[in-house]
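Quick note, the sequences are listed as chains A and B, same order. Counting from 1, position 74 in the first sequence corresponds to residue 406 in our numbering; the numbering is continuous, with no gaps. Counting from 1, position 132 in the second sequence corresponds to residue 134 in our numbering; the numbering is continuous, with no gaps. Glycine is no exception: its CB is placed at the ideal position from the N, C-alpha and C atoms.
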Amino acid sequence: MEIFKVIFFAFFLNNVVLTHFLGVRSVLWKNDQIRMSFITGGIMAIIMIPVNSINFLLQKYILLPYHIEFFQTIFFILIILLIAKIVAVIAKKAIPSFFRNYSYYFHVTSNSVVLGVCLLLFKNDFTLSYISCLIYTIATILGYTLILLMMSAITDHNEVSGNPKAMQGLPISLITIGLLALAFIGFTGVV
Amino acid sequence: MKVIRNISHGLFKGNPVFITTLGICPSLAVTDSLTKAIGMGVATLCVLIFSNLTISTFKRIIPENMQSVIVLLVIGTYVSIVDLIFKIYFPLINEQLGIYIPLIVINSLVLSKAFLYSLKNDIGRSLAEGIIMGLGFIFALVLLGSIRELLGSGSILNYSLVNDHARTFLFFILPPGAFVVFGFMIAFYKHYIKRNV
Numbered sequence: 333m334e335i336f337k338v339i340f341f342a343f344f345l346n347n348v349v350l351t352h353f354l355g356v357r358s359v360l361w362k363n364d365q366i367r368m369s370f371i372t373g374g375i376m377a378i379i380m381i382p383v384n385s386i387n388f389l390l391q392k393y394i395l396l397p398y399h400i401e402f403f404q405t406i407f408f409i410l411i412i413l414l415i416a417k418i419v420a421v422i423a424k425k426a427i428p429s430f431f432r433n434y435s436y437y438f439h440v441t442s443n444s445v446v447l448g449v450c451l452l453l454f455k456n457d458f459t460l461s462y463i464s465c466l467i468y469t470i471a472t473i474l475g476y477t478l479i480l481l482m483m484s485a486i487t488d489h490n491e492v493s494g495n496p497k498a499m500q501g502l503p504i505s506l507i508t509i510g511l512l513a514l515a516f517i518g519f520t521g522v523v
Numbered sequence: 003m004k005v006i007r008n009i010s011h012g013l014f015k016g017n018p019v020f021i022t023t024l025g026i027c028p029s030l031a032v033t034d035s036l037t038k039a040i041g042m043g044v045a046t047l048c049v050l051i052f053s054n055l056t057i058s059t060f061k062r063i064i065p066e067n068m069q070s071v072i073v074l075l076v077i078g079t080y081v082s083i084v085d086l087i088f089k090i091y092f093p094l095i096n097e098q099l100g101i102y103i104p105l106i107v108i109n110s111l112v113l114s115k116a117f118l119y120s121l122k123n124d125i126g127r128s129l130a131e132g133i134i135m136g137l138g139f140i141f142a143l144v145l146l147g148s149i150r151e152l153l154g155s156g157s158i159l160n161y162s163l164v165n166d167h168a169r170t171f172l173f174f175i176l177p178p179g180a181f182v183v184f185g186f187m188i189a190f191y192k193h194y195i196k197r198n199v
């Protein structure tokens, strides 16, 4: 039952894009193909699960016992950079044609979902178990993929619907995602 | 005269948030009150100035294939320093800003100025660019923050302008209001300011 609560919380109530504004740039920026959102979500999952596992161990056994919490930001960003590089190198060897076409989607270091979820999970007084961290991470990526999917479908429609010139592109996408966020507030109080 | 022209370029025609749309995440997240917006703007300005200065000073001895690691380390160090200073001197603002001060590390404004500007230009130009872009960022945050706080809670800098029983637009201090106000501000900038460039 706890697991479903965590999944529902991360998926609808506390969606990273709509309530914490993480990864807004990747959702809004040239996101107009539905296939791309699945690829982005898959790559994010492959990178974020090892990143959060390593950061969990780092926070629990090094940063907290030795009272060096102020190194958190630097350590986390270095781990993310390392894992993203390793995944890119492996993908380049294993699936070269896929990597050549979609190499842009492997640059996830500047995507704020990865670091943002680490910082949201591992606060200075955290008492979570590893399993619930993992479930929260997976549910977060699913929620992020849901918003990517919705926005790519709506952006496709927005481009042909004849908006005023100043509204085309980013402004109408922002207002659309605002209305989406207003709709998601309706889930408040379910859990 | 040239200084005024450069700063006004940073505020209006070359505004980093509304024209080039860098740093969307913090400008949506922290603008539900003017105090938070100013705190975030000042933190980003400090990080931007010092990281630009450091990177452009050492740009000749940074190896080509280690650029991303070194730049992220430099920015991360300054972000940690700013975080500690905020924790000691402004604990209330630091608590309200939460995860968004550590997230300056991957703020696209700071990253793009570090990679695309300071690694290619000399110290004076990098410093000037950092100050101009930081002021433009603060201006954008103050604009968004004052609109949202005025409409959402009827106050400016926590000084209430309406009586206690008045009803205000709660929509504007919730996350959806951030998206809608930001969208209309970008449309305003596109229509009235960018067309004269």
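Contacts with chain B at 9 Å (Cβ-Cβ) do not include V523/A.
Ranked by how close their Cα comes to the Cα of P18/B, the residues S157/B, I103/B and G138/B have G138/B in first place. Y161/B carries a strand assignment under DSSP once its states are collapsed to helix, strand and coil. For the set A39/B, L47/B, I21/B and P28/B, the Cα lying nearest the Cα of L129/B is the one of L47/B. Take K196/B, set aside five residues on each side of it, and the residues of its chain with a beta-carbon closer than 8 Å to its own are K15 and I21, in chain order. At a cut-off of 9 Å, the C-beta of I411/A has no neighbouring C-beta in chain B. What S70/B touches in chain A, judged by beta-carbon distance under 8 Å, is L413 and T441, going in chain order.
Nearest Cα to M135/B within the set A116/B, R150/B and I149/B: A116/B. Residue nearest to S148/B within the set I175/B, D124/B and D166/B is I175/B (criterion: CA-CA distance).
Residues of chain A with a Cβ closer than 9 Å to the Cβ of K15/B do not exist, since the nearest Cβ in that chain sits about 16 Å away. Spanning the alpha carbons of D364/A and I479/A requires a straight line of approximately 13 Å. In this structure, the alpha-carbon of H352/A lies about 19 Å from that of L111/B. With a minimum length of 4 residues, the unbroken runs of alpha helix (DSSP H) contained wholly in the stretch 365 to 403 of chain A fall at 366 to 390.
Among the residues of chain B, those whose CB is under 7 Å from the CB of A498/A are A189, K192 and H193, following chain order. Proximity of chain A to F52/B at the Cβ level (cut-off 8 Å) is not reached, the minimal Cβ distance being about 15 Å. Between T469/A and L453/A, the CB-CB gap stays under 9 Å. Chain-ordered, the chain A residues with CB closer than 9 Å to the CB of S82/B read F402, F403, Q404, T405 and I406. For I412/A against V383/A, the beta-carbon gap comes to about 6 Å, under 8 Å, which counts as contact. Residue contact with chain A for T46/B: absent (no Cβ-Cβ distance below 9 Å to any residue of chain A).
At least one beta carbon of chain A lies nearer than 9 Å to the beta carbon of G185/B. Look at the stretch 93 to 113 of chain B: the residues with a C-beta under 7 Å from a C-beta of chain A are I101, P104, L105, V107, I108, S110 and L113. Sequence-distant partners of A180/B (beyond 5 residues in either direction) whose C-beta falls short of 6 Å from its own C-beta, in its chain, are L30.
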